[in-house]
């Protein structure tokens with residue numbers, strides 16, 4: 001393996017404004033709001049503009065490891081500690097799709113009881129990490145991301161069967177282009193997800209975040225054998241439209257699970273860009289290094305009270321963050337505006353007040 005030439009030091013000018021970024025962000029927010037309105041009219045209930053369907057809401061602990069080397073002992077991970085967490089497992093579309101539609105899955109983790117300077121002065125004591133089971137964001141700049149929002153805006157008008165057909169075609173195209181060593185178009189990469197057991201997946205931040213004195217991408221990967229064994233296991237078509245909820249519920253009714261939280265530090269801003277989240281950071285330059293354990297005990301992950309709380313009251317936002325882990329890049333900057341707009345629409349439509357927990361005891365059993 002090539003030895004890293006040195007970890008890139010965080011500084012403000014690592015980020016570079018994208019041309020017309022403010023106008024493109026406005027377009028993204030408008031497209032998200034239009035999609036929100038379509039889905040709310042369809043269901044007579046406000047949903048998230050992305051990751052609308054949950055499959056389980058889990059409480060547990062984030063256990064920061066002792067003895068981390070200096071480049072990893074940064075920010076939230078500066079010293080060994082145990083934090084309560086809430087994890088929401090979800091599916092990427094902003095609509096309630098059948099779990100038999102192969103699309104990207106999400107792992108949103110809210111860490112409670114954190115202290116330090118905030119990325120945004122919101123008065124919160126939480127750190128959110130929003131992760132997806134794909135290492136890159138195919139639409140990796142705000143310019144491309146605006147195109148993605150237009151694509152997503154059309155999805156509420158498409159049936160599950162249409163999305164299945166599109167996905168099957170995208171997987172064929174992905175396989176052919178990969179064999180030919182040709183680039184994969186962003187739309188194909190987005191639609192080419194495979195429908196495997198959600199608990200065996202590895203989830204990624206896709207975009208970069210500040211990592212204390214450095215810059216990193218974060219990921220969560222199966223640690224305990226029982227979830228490692230689920231990696232690549234196809235979802236049984238016989239389980240129906242709520243297959244993932246059933247799989248997650250059956251698993252955690254009897255068992256707990258552990259995942260590794262990992263950091264991949266930037267060592268070369270040319271080969272590991274910050275402004276383009278579509279570029280895969282090479283592991284031969286910088287490996288994923290474990291900094292903490294996500295511990296999730298056996299529990300009921302989908303009680304009515306917990307589902308209502310997480311789906312209707314709770315919000316996950318990459319800008320619910322410490323300054324030491326502020327989101328980076330044009331797509332993440334757009335989310336500073338986009339997420340609050342989406343959250344406000346959802347809560348106002350449903351006539352409820354957004355709630356940011358202070359204690360794990362606030363999460364219903």
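Residue numbers (UniProt numbering): 1 to 365.
For each residue, glycine too, the CB sits at the ideal point set by N, CA and C.
Quantities reported herein were computed from a predicted structural model and do not represent experimental measurements.
Quick one: give me the first and last residue of the alpha helix (DSSP H) that residue i is part of.
{"i": "residue 27", "result": "21 to 43"}
{"i": "residue 307", "result": "304 to 308"}
{"i": "residue 248", "result": "243 to 254"}
{"i": "residue 348", "result": "330 to 350"}
Quick check on the DSSP output: the beta strand (DSSP E) that includes residue i runs from which residue to which?
{"i": "residue 219", "result": "214 to 222"}
{"i": "residue 225", "result": "Per DSSP, residue 225 belongs to no beta strand (DSSP E); it is in the alpha helix (DSSP H), 225 to 228."}
{"i": "residue 91", "result": "81 to 91"}
{"i": "residue 260", "result": "257 to 265"}
{"i": "residue 18", "result": "Run containing residue 18: none; DSSP gives neither H nor E here."}
{"i": "residue 61", "result": "53 to 64"}
{"i": "residue 13", "result": "Counting along the chain, residue 13 falls outside any beta strand (DSSP E), and DSSP gives it neither H nor E."}
{"i": "residue 210", "result": "209 to 211"}
{"i": "residue 106", "result": "105 to 112"}
{"i": "residue 126", "result": "126 to 132"}
{"i": "residue 121", "result": "Counting along the chain, residue 121 falls outside any beta strand (DSSP E), and DSSP gives it neither H nor E."}
Going straight from the alpha carbon of residue i to that of residue j, what length do you get?
{"i": "residue 18", "j": "residue 333", "result": "10 Å"}
{"i": "residue 49", "j": "residue 284", "result": "36 Å"}
{"i": "residue 327", "j": "residue 209", "result": "4 Å"}
{"i": "residue 144", "j": "residue 114", "result": "34 Å"}
{"i": "residue 348", "j": "residue 8", "result": "42 Å"}
{"i": "residue 13", "j": "residue 137", "result": "22 Å"}
{"i": "residue 101", "j": "residue 197", "result": "13 Å"}
{"i": "residue 219", "j": "residue 352", "result": "32 Å"}
{"i": "residue 222", "j": "residue 256", "result": "12 Å"}
{"i": "residue 345", "j": "residue 33", "result": "8 Å"}
{"i": "residue 212", "j": "residue 74", "result": "5 Å"}
{"i": "residue 339", "j": "residue 95", "result": "16 Å"}
{"i": "residue 134", "j": "residue 200", "result": "13 Å"}
{"i": "residue 232", "j": "residue 42", "result": "33 Å"}
{"i": "residue 251", "j": "residue 296", "result": "11 Å"}
{"i": "residue 343", "j": "residue 243", "result": "27 Å"}
{"i": "residue 280", "j": "residue 204", "result": "11 Å"}
{"i": "residue 355", "j": "residue 27", "result": "28 Å"}
{"i": "residue 3", "j": "residue 237", "result": "In this prediction, residue 3 scores a pLDDT of 42, lower than 50, which makes its location untrustworthy; the coordinate-derived value is nonetheless stated afterwards. Distance between the alpha carbons of residue 3 and residue 237 is about 45 Å."}
{"i": "residue 234", "j": "residue 11", "result": "43 Å"}
{"i": "residue 363", "j": "residue 261", "result": "22 Å"}
{"i": "residue 350", "j": "residue 120", "result": "26 Å"}
{"i": "residue 178", "j": "residue 148", "result": "22 Å"}
{"i": "residue 305", "j": "residue 44", "result": "20 Å"}
{"i": "residue 122", "j": "residue 22", "result": "22 Å"}
{"i": "residue 182", "j": "residue 286", "result": "25 Å"}
{"i": "residue 278", "j": "residue 31", "result": "21 Å"}
{"i": "residue 316", "j": "residue 180", "result": "39 Å"}
{"i": "residue 228", "j": "residue 282", "result": "23 Å"}
CB-CB under 6 Å to residue i, same chain, minus the five flanking residues each way: which ones, in chain order?
{"i": "residue 358", "result": "none"}
{"i": "residue 246", "result": "239"}
{"i": "residue 365", "result": "none"}
{"i": "residue 81", "result": "64"}
{"i": "residue 193", "result": "102, 103, 104"}
{"i": "residue 341", "result": "29"}
Please determine, among the options, the residue with the shortest C-alpha to C-alpha distance to residue i.
{"i": "residue 361", "options": "84, 47, 92, 66", "result": "84"}
{"i": "residue 217", "options": "123, 129, 47, 293", "result": "129"}
{"i": "residue 112", "options": "340, 86, 95", "result": "86"}
{"i": "residue 116", "options": "110, 201, 124", "result": "124"}
{"i": "residue 215", "options": "331, 23, 95, 272", "result": "272"}
{"i": "residue 77", "options": "354, 351, 293, 356", "result": "293"}
{"i": "residue 139", "options": "317, 201, 276", "result": "276"}
{"i": "residue 141", "options": "227, 109, 260, 274", "result": "274"}
{"i": "residue 110", "options": "258, 93, 282, 131", "result": "131"}
{"i": "residue 29", "options": "207, 356, 336", "result": "336"}
{"i": "residue 51", "options": "228, 97, 121", "result": "97"}
{"i": "residue 226", "options": "195, 236, 253, 258", "result": "258"}
{"i": "residue 202", "options": "107, 99, 45, 363", "result": "107"}
{"i": "residue 207", "options": "330, 6, 45, 25", "result": "330"}
{"i": "residue 24", "options": "313, 146, 282", "result": "146"}
{"i": "residue 254", "options": "298, 45, 148, 260", "result": "298"}
{"i": "residue 318", "options": "47, 118, 44", "result": "118"}
{"i": "residue 314", "options": "126, 121, 93, 79", "result": "126"}
{"i": "residue 47", "options": "183, 93, 305", "result": "93"}
{"i": "residue 195", "options": "224, 230, 179", "result": "230"}
CB-CB under 8 Å to residue i, same chain, minus the five flanking residues each way: which ones, in chain order?
{"i": "residue 249", "result": "56, 300, 301, 302"}
{"i": "residue 6", "result": "267"}
Taking 7 Å as the limit between beta carbons, can you name the residues of its chain near residue i, skipping five residues before and five after?
{"i": "residue 54", "result": "88, 89, 90, 307, 310, 311"}
{"i": "residue 72", "result": "263, 289, 291"}
Is any heavy atom in the ligand ATP found nearer than 7 Å to the beta carbon of residue i?
{"i": "residue 15", "result": "No copy of the ligand ATP appears in this structure; indeed no ligand is present at all."}
Cβ contact (3+ pairs, closer than 8 Å) linking the stretch 320 to 328 and the stretch 259 to 273
no
Would you be able to state if there are at least three C-beta pairs under 8 Å between the stretch 8 to 23 and the stretch 60 to 72?
no
May I ask you to verify whether the stretch 67 to 75 touches the stretch 23 to 41, counting CB pairs closer than 8 Å and requiring at least 3?
no
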